[in-house]
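Everything on this sheet refers to the single structure shown next.
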Amino acid sequence: MKFTQMAKANEIERSWVVVDAEGKVFGRIITEVATILRGKNKPCFTPNVDCGDYVVIINASKAKFTGAKLEVKNYYTHSGYFGSTKTHKMSDMIEKNPEKLFKLATRGMLPKTTLGKAMLKKLKVYAGSEHPHTAQIKG
Numbered sequence: 208m209k210f211t212q213m214a215k216a217n218e219i220e221r222s223w224v225v226v227d228a229e230g231k232v233f234g235r236i237i238t239e240v241a242t243i244l245r246g247k248n249k250p251c252f253t254p255n256v257d258c259g260d261y262v263v264i265i266n267a268s269k270a271k272f273t274g275a276k277l278e279v280k281n282y283y284t285h286s287g288y289f290g291s292t293k294t295h296k297m298s299d300m301i302e303k304n305p306e307k308l309f310k311l312a313t314r315g316m317l318p319k320t321t322l323g324k325a326m327l328k329k330l331k332v333y334a335g336s337e338h339p340h341t342a343q344i345k346g
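Heads up: the sequence shown begins at 208 in our numbering, then just goes up one per residue.
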């Protein structure tokens, strides 16, 4: 009888993937990135093992948004103290800190466990086209 092979953490080969966000729709980019980070695009996918690749997103500030999300959508932060809720508009976040916006959206699509936190550490986001990971990326 043949059994399914379960991936082991020390046997996984990781590669680096560069995603150019210029002119692409924000949500489509995030779903693609979450799939790569989780490792669901690989034949050796195992749910309890981090078998995803590293992802570098460049030109994050030039992503497109559909509908009225830029004016309507808000992000909330709370420190735990009374009256400390802060509201940030999506349009302000894409101008000031697009890296944080991409990380927040990707975090929502990954598991809410320590495994998900390890997957999110493999995501590198840059507002411009320059990034320091050229040595790791082959091709």
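The beta-carbon is built from N, C-alpha and C at its ideal position, and this holds for glycine as well.
Shown here for residue 334: same chain residues with a beta carbon closer than 8 Å to its own, the five before and five after excluded, namely 266, 267, 268, 305, 306 in chain order. The three-state reading of DSSP puts residue 253 in coil, since its state is none of H, G, I, E or B. Taking C-alpha positions only, residue 316 is separated from residue 282 by approximately 16 Å. The beta carbon of residue 271 sits closer than 8 Å to those of 230, 231, 232, 233, all from its chain and outside the five residues before and after it, given in chain order. A check of alpha carbon separations from residue 275 across 256, 238, 296 identifies 296 as the nearest. Per the coordinates, the alpha-carbon of residue 292 lies some 29 Å from the alpha-carbon of residue 235. Around the beta-carbon of residue 243, 16 or more other beta-carbon atoms lie within 10 Å, marking it buried. By the criterion of a C-beta distance shorter than 6 Å, residue 239 is surrounded by no residue of its chain, once the five residues flanking it on both sides are discounted. It is roughly 27 Å from the alpha-carbon of residue 277 to the alpha-carbon of residue 323. Each residue's CA atom was taken as its position, placing residue 309 and residue 344 some 21 Å apart. By the neighbour-count criterion, in which 16 or more other beta carbons inside 10 Å mark a residue as buried, residue 313 falls on the buried side. Between residue 325 and residue 257 a beta carbon distance of about 5 Å is seen, short of the 8 Å cut, so the two are scored as contacting.
CA-CA distance, residue 302 to residue 321, rounds to 30 Å. Collapsing the DSSP output to three states places residue 344 in coil.
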